[in-house]
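Numbering (the numbering used here), first residue to last: 46 to 618.
In structure tokens form, the structure reads like this:
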């Protein structure tokens with residue numbers, strides 16, 4: 046295979062990878078379904094029970110509340126039901142407009158996107174009253190903050206005092222300690238549970254939009270399910286999409302940038318599930334945990350169970366902090382860094398470090414590209430020198446092709462002999478592109494996954510590096526007030542994709558001419574094809590590719606001067 050065929054193969058491979066990410070659904074987990082547990086948490090409830098629960102939800106949404114006043118979060122907890130159902134992130138806006146609404150990750154029942162986190166107790170004895178959605182708790186203070194932990198209390202009237210002790214750190218982690226004090230004359234056996242519930246199904250963005258749906262880490266293994274996959278699995282197993290008794294870990298519901306998860310005591314054995322709910326308002330979802338063994342609370346004794354709840358933004362360094370310091374295994378896996386995770390994450394750290402020095406993620410990407418170029422400079426030098434030799438051999442190769450046009454085997458034999466005589470490696474010209482495929486792919490995942498690059502501006506009209514270039518050739522860059530993509534999905538070509546296509550075309554003109562006319566025609570169309578393919582890609586990724594092409598052009602021109610080979614005049618197509 047000569048260098049041009051290899052080049053085409055690499056380019057087509059990149060196209061397939063990008064197309065696969067845009068068109069295929071996110072990777073799925075096919076769970077082993079087991080027997081449902083606990084009537085309190087069972088999804089296959091009767092319509093009457095669901096209606097009663099809906100009424101309780103409405104009551105908690107409208108009843109007394111405990112304020113949450115954290116450094117990075119604000120909201121409230123419903124004291125009826127002790128539900129975390131109102132939380133806004135102070136540092137994040139819905140859009141790039143700083144006047145837009147702050148991001149809301151939890152919302153009350155009756156809203157368009159209801160969701161909450163809840164902790165409770167389950168008793169196998171129906172005569173023992175345990176807290177439910179109608180229970181009204183008493184708070185020890187008016188507000189939960191970093192400086193003021195709060196205790197919620199409820200007396201069941203049978204001698205049991207239930208308490209939920211809450212503490213909030215400087216970010217998004219809530220420490221939750223469930224305690225029961227038994228003032229009765231009989232021992233009781235109770236099992237703690239926790240759950241994340243979402244009363245709606247978001248529009249799925251596909252795998253290019255990052256992980257969306259239900260996910261968790263069980264026995265140090267990540268399991269994730271899209272809503273579509275969970276619905277399919279739940280339909281075959283009485284609403285249970287996934288169930289496991291694997292020890293340790295955490296579980297919850299994730300969006301592209303936000304995560305809501307409960308983290309039980311890592312030493313406790315329990316059952317974790319992903320559940321589809323048949324709510325009166327429509328489909329709902331739940332990730333829940335129930336301790337397997339009940340805790341026996343003797344008369345005059347107490348029992349407690351410690352958990353955590355992460356409710357916030359999936360910031361890379363913060364997730365790593367909780368993973369290391371809060372004993373939350375593989376919490377960073379809630380970020381979908383893709384197949385090249387082992388490359389994507391280090392590249393993110395490099396970009397984040399450069400951002401700290403430069404103050405602009407776009408410039409950080411450019412500086413990183415220079416670093417990659419320096420790292421692979423010797424390899425690129427050998428590659429470009431080999432390409433220049435190939436250009437010098439073009440007349441001899443054309444002569445062989447003309448002489449052996451009726452004997453392909455002889456043509457291949459003489460061509461390889463010429464390569465050996467002249468000490469030319471026909472594949473070396475593609476090595477720079479080959480080694481950069483993982484870098485390109487990792488950067489693609491970083492831009493589409495890490496919240497640090499969300500709404501990160503560059504210069505000029507690029508206000509969000511994680512979004513596509515907002516300009517469009519097909520409406521004359523905004524002079525015509527309509528959106529061409531409403532009519533043709535591919536009708537989006539911004540300024541930066543056009544720059545990328547132009548640099549790709551110029552770089553192609555410096556490469557050796559392809560002797561095969563069919564391959565030559567394919568090569569001529571490659572810049573155009575990739576310009577359209579990258580038209581709707583993240584602006585940061587297009588800037589990276591454009592800048593990389595410009596650096597490659599400069600490097601190739603310099604090597605051509607050093608080897609005294611004059612750059613060819615671009616040929617007419």
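We put the beta carbon where it would ideally sit given N, CA and C, even for glycine.
What is the DSSP secondary structure of residue i, counted as helix, strand or coil?
| i | result |
| --- | --- |
| residue 527 | coil |
| residue 365 | helix |
| residue 489 | helix |
| residue 92 | Unreliable positioning characterises residue 92 in this predicted model, as indicated by a pLDDT of 44, which lies under 50. The coordinate reading is nonetheless provided below. Three-state result, residue 92: helix. |
| residue 183 | strand |
| residue 132 | strand |
| residue 329 | strand |
| residue 240 | strand |
| residue 402 | helix |
| residue 598 | helix |
| residue 211 | strand |
| residue 533 | coil |
| residue 443 | helix |
| residue 86 | Caution applies to residue 86, whose pLDDT of 48 falls short of 50 and renders its modelled position unreliable; the model cannot decide the point. |
| residue 580 | helix |
| residue 275 | helix |
| residue 147 | strand |
| residue 158 | coil |
| residue 603 | helix |
| residue 245 | coil |
Please list, in chain order, all residues of the same chain as residue i whose beta carbon is under 7 Å from its beta carbon, the five residues on each side excluded.
| i | result |
| --- | --- |
| residue 221 | 164, 209, 211, 352, 353, 354 |
| residue 309 | 239, 315, 334, 352 |
| residue 216 | 117, 357, 363 |
| residue 136 | 117 |
| residue 595 | 548 |
By Cβ distance, which residues of its chain are closer than 6 Å to residue i, with the 5 residues on each side in sequence left out?
| i | result |
| --- | --- |
| residue 173 | 233 |
| residue 132 | 118, 120, 150, 151, 356 |
| residue 398 | none |
| residue 342 | 225, 227, 233, 348 |
| residue 507 | 584 |
| residue 522 | 516 |
| residue 289 | 263, 317 |
| residue 455 | 449 |
With distances taken from CA atoms, which of the options is nearest residue i?
| i | options | result |
| --- | --- | --- |
| residue 294 | 506, 241, 368 | 368 |
| residue 505 | 541, 498, 482 | 541 |
| residue 188 | 223, 114, 178 | 114 |
| residue 32 | 379, 347, 512 | Here the chain comprises residues numbered 46 to 618, so residue 32 is not present and cannot be evaluated. |
| residue 600 | 111, 425, 372, 162 | 425 |
| residue 201 | 573, 190, 179 | 179 |
| residue 124 | 176, 141, 512 | 176 |
| residue 312 | 407, 302, 291, 214 | 291 |
| residue 379 | 592, 594, 266, 109 | 266 |
| residue 326 | 158, 566, 593, 418 | 158 |
| residue 431 | 411, 454, 451, 467 | 467 |
| residue 534 | 512, 498, 503, 577 | 577 |
Do residue i and residue j have their CB atoms nearer than 8 Å?
| i | j | result |
| --- | --- | --- |
| residue 197 | residue 182 | yes |
| residue 483 | residue 415 | no |
| residue 496 | residue 390 | no |
| residue 487 | residue 392 | yes |
| residue 260 | residue 284 | no |
| residue 396 | residue 413 | yes |
| residue 280 | residue 160 | no |
| residue 510 | residue 585 | yes |
| residue 307 | residue 241 | yes |
| residue 169 | residue 339 | yes |
| residue 460 | residue 435 | no |
| residue 262 | residue 371 | no |
| residue 597 | residue 544 | no |
| residue 463 | residue 445 | yes |
| residue 148 | residue 305 | no |
| residue 320 | residue 278 | no |
| residue 377 | residue 361 | yes |
By DSSP's criteria, residue i is part of a beta bridge. Which residues make up the other side?
| i | result |
| --- | --- |
| residue 354 | 219, 307 |
| residue 119 | 114, 133 |
| residue 321 | 330 |
| residue 518 | Answer is none; residue 518 lacks a bridge partner. |
| residue 227 | 205 |
| residue 195 | 211 |
| residue 233 | 342 |
Go through its chain and collect everything with a Cβ distance to residue i's Cβ below 8 Å, but skip five positions before and after it.
| i | result |
| --- | --- |
| residue 229 | 203, 204, 205, 344 |
| residue 529 | 517, 519, 520, 536, 537 |
| residue 110 | 121, 122, 123, 124, 131 |
| residue 606 | none |
Any heavy atom of the ligand FAD inside 7 Å of the beta-carbon of residue i?
| i | result |
| --- | --- |
| residue 289 | Only the bare structure without any ligand can be found here, which leaves the ligand FAD out of the picture. |
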